[in-house]
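Chains as they are written, first to last, in the working numbering: chain A, 4 to 340; chain B, 4 to 340; chain C, 4 to 340; chain D, 4 to 340. Virtual Cβ for every residue (Gly too), placed ideally from N, Cα, C. These numbers were taken from a predicted model, which means no experiment stands behind them. Only one structure is covered here, and it is reproduced in the block below.
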């Protein structure tokens with residue numbers, strides 16, 4: 004039996020979204036389904052910006068950043084009216100299943116639709132932040148980490164040449180996944196994230212970092228990189244940089260990597276993850292599944308209830324935090340020789 | 004109690020080996036161990052090319068390809084005399100534990116040493132081929148996949164511009180891990196590897212691929228990429244290219260990516276994997292472990308018997324093979340519109 | 004007065020061709036010209052594969068490798084019949100000016116058309132080989148050099164780790180521009196190209212290189228890279244690698260970089276060069292110019308007779324050759340300390 | 004006759020400085036000169052941080068960003084006392100020639116030394132800003148442009164996906180070289196730099212850009228990138244972003260690329276330029292030259308008086324400005340179809 008399946012991408016774009024769209028289209032055609040795309044996220048759903056997606060539409064897109072379906076934030080989806088309009092458009096177009104590639108905000112929209120609509124709803128986790136439960140990795144995360152890492156490798160050159168202190172602020176919303184993974188990879192002298200910072204110990208943390216900076220300076224360590232999560236420090240990372248500068252008497256400069264972290268050609272891991280998820284989404288639809296997210300756990304694809312995906316229980320690997328805090332960060336302990 | 008710990012890198016070099024050495028040195032110093040390096044692999048062990056490794060020796064190396072300890076193939080280790088010499092050097096230097104970063108050949112050497120020596124022996128899987136059992140990933144694999152992918156993305160440009168057929172040969176020895184992961188990531192029209200090719204059906208395979216190429220050509224598909232594993236095709240990949248050219252009447256050109264796959268700055272995943280494994284190796288030594296390999300399964304570090312690591316039972320994910328063969332490769336099925 | 008202007012890309016593709024097409028389209032529309040593209044090079048001209056090029060067709064293409072107009076080799080253009088057919092198509096479509104982006108073969112085709120056709124003919128040098136006279140750089144050359152360089156930087160990692168000898172063969176047809184520029188950039192121990200190799204001294208050269216390799220080995224120099232131009236060595240680069248291996252007793256391995264050198268996102272220099280040339284081509288057409296190539300000399304755009312462009316008098320900078328041969332290559336002279 | 008030659012790197016670091024140091028060391032040894040390095044720029048000269056530079060010190064550095072001699076800003080050199088101290092250190096170490104790789108500030112220091120010291124002083128232009136007279140390019144400029152371009156290519160992905168307006172601020176101090184070259188290369192919808200902005204027409208410019216943004220939005224142009232030079236806009240680029248947001252009612256977001264522009268592995272052009280300049284500096288010393296800068300004009304090395312180098316008369320190519328302003332930027336003119 005054929006089905007009409009619609010896709011949309013929503014929330015912050017993430018490298019690999021196009022690979023997921025491609026996989027959905029290829030797998031969908033294999034199942035004789037008709038595949039459509041709503042452009043501009045939920046706005047396009049509400050406004051009925053619908054186009055069929057042929058196989059030729061997804062040729063030559065697997066390696067491109069961004070999303071060919073465009074994305075957008077959509078306030079209307081937070082209101083009942085907006086959701087009703089979305090449902091009407093789905094009904095009008097006789098859509099049987101809706102696949103949304105996005106983050107937790109996007110999934111909340113999907114849950115709202117599910118309450119009013121009989122069709123199948125499937126989520127695919129596409130966000131660089133890797134803050135979705137029920138999947139070890141989200142599409143875009145690996146690319147964002149490598150992009151940030153390449154940028155910091157360059158900053159390290161200057162930091163080393165001038166023996167300077169830099170704070171580098173990374174994206175991730177309320178999650179330290181990017182920050183910790185990049186921090187360990189770039190051999191940061193200090194990683195500051197939600198997982199190891201307690202706002203009640205702000206002063207203590209400041210004093211600890213100041214001491215570390217001064218110790219490193221005295222040891223003529225060539226440079227000092229602090230990798231910090233956005234949204235972490237009270238009053239912002241710039242305030243922290245200024246505070247550290249005044250406390251240590253050493254110039255501490257902030258670099259905010261910003262939007263380069265969202266773009267770029269996806270790395271292999273994101274293309275593969277996106278491809279597997281896209282294929283699995285179509286398979287799940289063929290099996291009549293609904294109200295689920297396609298995830299990957301322990302290298303195997305899994306389907307989890309959509310409600311679980313947005314619970315925000317995901318944590319950074321304690322081994323990684325422990326290694327960074329207790330072994331890697333303190334690189335200036337005395338040599339045993 | 005302090006220990007004398009020696010490291011060596013052996014076999015083909017892999018991006019991330021330096022990150023592993025760094026982690027071992029940092030963690031070792033944390034445990035008050037003395038860390039040494041044998042240079043030039045097992046040759047250096049036999050010839051006693053030993054140097055202490057201070058923390059300053061591993062600053063600024065996490066992002067570098069190759070191995071600061073140098074590597075080499077070593078025939079002597081296949082003889083009893085060679086192993087005895089190695090053991091003598093370990094005894095003479097009062098080494099308590101030996102960590103070898105390498106592939107299965109390197110681990111066989113380590114097993115031979117273990118038979119004659121009381122010290123602790125620890126393996127860390129470092130090879131781009133990802134053909135070691137007991138670990139989901141080996142150090143260097145992720146970087147090699149991304150390096151090959153970037154190269155093929157460029158070849159795709161030319162293939163598209165000229166609507167040409169290219170065969171791209173990838174490394175991996177007897178394993179299809181690199182080939183399948185790269186093949187899916189680059190949207191190859193065909194992946195040819197140990198997992199989906201039966202030498203008894205050579206003729207059948209040739210005819211199938213020829214038909215696919217001609218079908219694609221008639222459909223004016225812009226290009227056709229065949230990704231093939233080294234050591235797969237009888238008489239070599241060049242012979243296959245010539246055969247396909249003569250069978251189809253269409254020029255099929257071979258590109259052998261070669262040694263660029265072994266080098267380059269490691270991606271974040273390899274730096275993190277290497278860091279975790281290096282730290283865990285020291286922890287395992289502190290717990291008196293021996294004759295084990297540090298692996299990673301389901302995103303968690305594990306210790307497995309060294310003998311299991313070299314069994315060659317590892318397989319490419321069936322989901323990936325199935326998706327490539329049955330959904331992604333046949334991109335020229337008729338559109339449903 | 005409006006004009007109908009057609010573009011085609013021909014010969015080997017080169018990164019930056021899309022940037023040139025974009026500039027022609029934007030500048031052409033600015034002059035109120037109608038811009039068309041013939042697809043698939045001269046084949047498309049002969050077969051009348053013509054499409055209008057709107058501004059929206061060239062959005063989002065400046066950073067893409069390959070050519071959106073496709074390219075192809077075209078045997079028919081070497082015959083009078085082919086040229087006549089091409090001219091007929093130009094007349095039939097009332098084309099006033101034809102811009103060809105390509106190398107010397109492509110320009111010879113353009114010269115043949117010019118003999119039979121009253122319209123304006125303009126060449127833009129697009130080839131990675133940089134073997135066109137009358138312009139310091141051709142579109143694609145800078146990107147190809149950087150692509151080859153990145154690949155060799157990775158090969159250097161492995162060469163250093165194993166203290167190995169590698170020969171790396173580079174593209175360039177009969178020109179050493181790529182070879183010398185890459186050779187100097189990657190700190191090659193030896194550069195072998197048309198400019199510094201005399202086939203009559205084959206034996207002498209072999210002995211000289213063998214001695215250099217052995218000297219380097221004795222001095223424990225970590226690696227030895229020979230960068231060699233394709234089409235240079237009698238019987239091919241593989242034969243040279245084998246000969247050096249047997250003469251030195253040291254394994255000399257060949258890496259052929261191949262088609263990766265043609266693709267990839269163009270570097271800034273190629274995008275800017277292509278943009279300037281595209282804009283200037285339209286300006287030249289508006290001024291009634293014909294039978295010329297747009298070149299760049301001493302950082303300024305110039306127009307030169309098309310016949311001069313294909314004379315093959317271009318040489319590699321003697322300073323570069325001299326520096327490489329007499330100062331940089333002999334890196335194993337004794338230190339003055 | 005042998006000479007003692009000292010090198011230092013000063014001012015902002017630039018990719019390719021290591022390649023220049025390598026060339027100086029190799030060429031110097033060829034001439035039987037003794038080569039030394041002062042570490043940490045002029046500070047190291049004043050404090051006598053001198054080390055000999057052997058050939059082995061510059062192996063494996065050509066591809067590394069930063070500077071192995073370290074750099075630093077140095078206030079003391081602005082005072083007579085500082086300069087006298089520097090001269091004393093040069094005399095004490097019997098230095099015959101001093102080569103400084105840096106920007107205009109560094110050259111002013113060199114000029115001050117020249118007034119009090121009989122030795123030969125040679126400048127090599129190393130700064131990403133390309134704001135030195137007498138040379139078409141400075142070491143580091145080409146790499147910085149490509150680094151910024153790669154970053155903006157990624158930002159474009161997000162901008163396209165969300166159809167957003169981004170301002171991207173680039174380095175360059177008081178020069179628009181980076182800004183214009185990057186702006187043209189990334190197909191910026193608007194380039195704002197010293198060369199095309201008049202502070203007296205601030206309001207006019209604001210209104211013009213606002214109109215362009217709104218026109219593009221209405222035309223459903225996918226994204227709008229404004230590339231802006233640092234130090235250009237009164238009260239800073241953030242203020243401009245806010246103003247445009249309030250004037251257009253469309254969110255205009257600022258991305259400051261920052262320090263990633265200074266680091267990274269140098270591109271081929273910078274490695275070659277640095278190599279040629281380093282070799283030429285030694286040749287100039289052998290010829291008894293002093294008080295000069297080694298530059299490159301029209302692809303040929305030249306020597307110019309050091310005083311000319313710091314005159315700040317360099318301008319961005321008018322062709323580039325004109326093309327950007329009048330042809331490329333206005334990509335929303337009506338199609339001729």
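#1: In angstroms with no decimal places, state the Cα-to-Cα distance between residue 77/B and residue 70/B.
#2: Against chain B, which members of the stretch 186 to 203 of chain A pass a CB distance test of less than 7 angstroms?
#3: Who are the near neighbours of residue 323/B in its chain, counting only those whose CB is closer than 7 angstroms to its CB and skipping five residues on each side?
#4: Using the beta-carbon of each residue, which ones in chain C are nearer than 7 angstroms to residue 330/D?
#5: What residues from the stretch 295 to 316 of chain D come within 7 angstroms of chain C, judged by C-beta to C-beta, listed N to C?
#6: In angstroms, rounded to a whole number, what distance separates the CA positions of residue 151/D and residue 261/D?
#7: Is residue 56/A helix, strand or coil by DSSP?
#8: Name, going along the chain, the residues of the stretch 128 to 148 of chain A whose beta-carbon falls closer than 8 angstroms to a beta-carbon of chain B.
#9: Against chain A, does residue 396/D count as a neighbour if the rule is that its beta carbon must be under 8 angstroms from one of theirs?
#10: Report yes if the C-beta distance between residue 122/B and residue 99/B is below 8 angstroms; otherwise report no.
#11: For chain A, check one thing: does any of its Cβ atoms lie closer than 8 angstroms to the Cβ of residue 278/B?
#12: Against chain B, does residue 169/C count as a neighbour if the rule is that its beta carbon must be under 8 angstroms from one of theirs?
#13: How would you list, in chain order, the residues of chain A whose beta-carbon sits under 9 angstroms from the beta-carbon of residue 92/B?
#14: Using a threshold of 8 angstroms, state whether the C-beta atoms of residue 36/D and residue 58/D are closer than that.
#15: I'd like the list of long-range same chain contacts for residue 141/B, defined as Cβ closer than 6 angstroms, with 5 residues on each side in sequence excluded.
#16: Relative to the C-alpha of residue 104/A, which residue among 237/A, 226/A, 16/A, 302/A is closest?
#17: Taking all protein chains shown into account, do 16 or more other C-beta atoms lie within 10 angstroms of the C-beta of residue 290/A, making it buried, or fewer, making it exposed?
#18: Would you kindly report the start and end of the unbroken beta strand (DSSP E) that includes residue 171/A?
#19: Could you have a look at residue 324/D and say whether DSSP puts it in helix, strand or coil?
#20: So is residue 413/A in contact with chain D if we call contact Cβ pairs under 8 angstroms?
#21: Candidates 56/B, 174/B, 271/B: which alpha carbon is nearest residue 156/A's?
#22: Taking the alpha-carbon positions, what's the residue 14/B to residue 106/B distance?
#23: Are the beta-carbon atoms belonging to residue 30/C and residue 285/C less than 8 angstroms from one another?
#24: So, residue 18/D versus residue 146/D, is the Cβ gap smaller than 8 angstroms?
#25: Could you work out which residue in 282/B, 65/B, 97/B, 50/B is closest to residue 84/B when comparing CA atoms only?
#26: Return no unless some Cβ of chain D is closer than 8 angstroms to the Cβ of residue 258/A.
#27: Could you have a look at residue 230/A and say whether DSSP puts it in helix, strand or coil?
#28: Scan the stretch 110 to 182 of chain D and note each continuous alpha helix (DSSP H) run of 4 residues or more that stays entirely inside, going in chain order.
#29: Decide yes or no for the touch test of the stretch 309 to 320 of chain A against the stretch 54 to 68 of chain A: beta carbon pairs closer than 8 angstroms, at least 3 of them.
#30: For a test of the three-state rule: what should DSSP assign to residue 8/D, helix, strand or coil?
#31: Near residue 225/B, what residues of its chain come up, given a Cβ to Cβ distance below 8 angstroms and the 5 sequence neighbours on each side ignored?
#32: Classify residue 287/B: buried if its beta carbon has 16 or more other beta carbons within 10 angstroms, exposed otherwise.
#33: If you drop the 5 nearest sequence neighbours on each side, which residues of the same chain put their C-beta closer than 7 angstroms to that of residue 200/B?
#34: For a cutoff of 8 angstroms on Cβ pairs, would you count residue 74/C as touching chain B?
#35: Compare the C-alpha of residue 247/D against each of 206/D, 41/D, 317/D, 319/D and name the closest.
#36: Would you verify that the beta carbon of residue 68/C is, or is not, closer than 8 angstroms to some beta carbon of chain B?
Taking the coordinates as given:
#1: The C-alpha of residue 70/B is placed about 16 angstroms away from the C-alpha of residue 77/B.
#2: Listed in sequence order: 187, 188, 190.
#3: 183, 187, listed in sequence order.
#4: The contacting residues are 29, 30, 33, 282.
#5: Cβ contacts with chain C come from 301, 302, 304.
#6: Straight-line Cα distance between these residues: approximately 9 angstroms.
#7: Coil at residue 56/A, not helix or strand.
#8: Within the stretch 128 to 148 of chain A, contact with chain B at the beta-carbon level (separation under 8 angstroms) is assigned to 139, 145, 148.
#9: The shown model of chain D, from 4 to 340, leaves out residue 396/D, and the question about it has no answer.
#10: Contact: yes.
#11: Any Cβ of chain A closer than 8 angstroms to the Cβ of residue 278/B would place that residue at the interface, and such an atom is present.
#12: Nearest CB-CB separation between residue 169/C and chain B: below the 8 angstroms threshold.
#13: Listed along chain A is no residue with a C-beta nearer than 9 angstroms to that of residue 92/B; the closest approach is about 20 angstroms.
#14: Contact annotation: residue 36/D and residue 58/D have beta-carbon atoms that are not nearer than 8 angstroms.
#15: Cβ within range, chain order: 128, 130, 133, 135.
#16: Considering only alpha carbons, the answer is 16/A.
#17: Looking at its Cβ environment, which holds fewer than 16 other Cβ atoms inside 10 Å, residue 290/A is exposed.
#18: If you look at residue 171/A, you'll find it in the beta strand (DSSP E) that goes 168 to 173.
#19: If DSSP states are grouped into helix, strand and coil, residue 324/D belongs with the helices.
#20: Here chain A has residues from 4 to 340 only, and residue 413/A is not among them.
#21: With distances taken between CA atoms, residue 156/A lies nearest to 271/B out of 56/B, 174/B, 271/B.
#22: Taking the straight line from one Cα to the other gives about 6 angstroms.
#23: Between residue 30/C and residue 285/C, the C-beta spacing is below 8 angstroms.
#24: Yes, these two residues count as a Cβ contact at 8 angstroms.
#25: Closest option to residue 84/B, Cα to Cα, is 50/B.
#26: Residue 258/A belongs to the set of residues whose beta carbon lies under 8 angstroms from a beta carbon in chain D.
#27: DSSP places residue 230/A in strand when its eight states are reduced to three.
#28: The stretch 110 to 182 of chain D contains these whole alpha helix (DSSP H) runs: 144 to 165.
#29: Output reads no: the stretch 54 to 68 of chain A does not touch the stretch 309 to 320 of chain A.
#30: In this structure, residue 8/D counts as strand in the three-state DSSP scheme.
#31: Around residue 225/B: 162, 163, 166.
#32: Residue 287/B comes out buried.
#33: 208, 235, listed in sequence order.
#34: It does: the Cβ of residue 74/C has a partner Cβ on chain B nearer than 8 angstroms.
#35: Closest option to residue 247/D, judged by alpha-carbon separation, among 206/D, 41/D, 317/D, 319/D: 206/D.
#36: Output row for residue 68/C: interface = yes.
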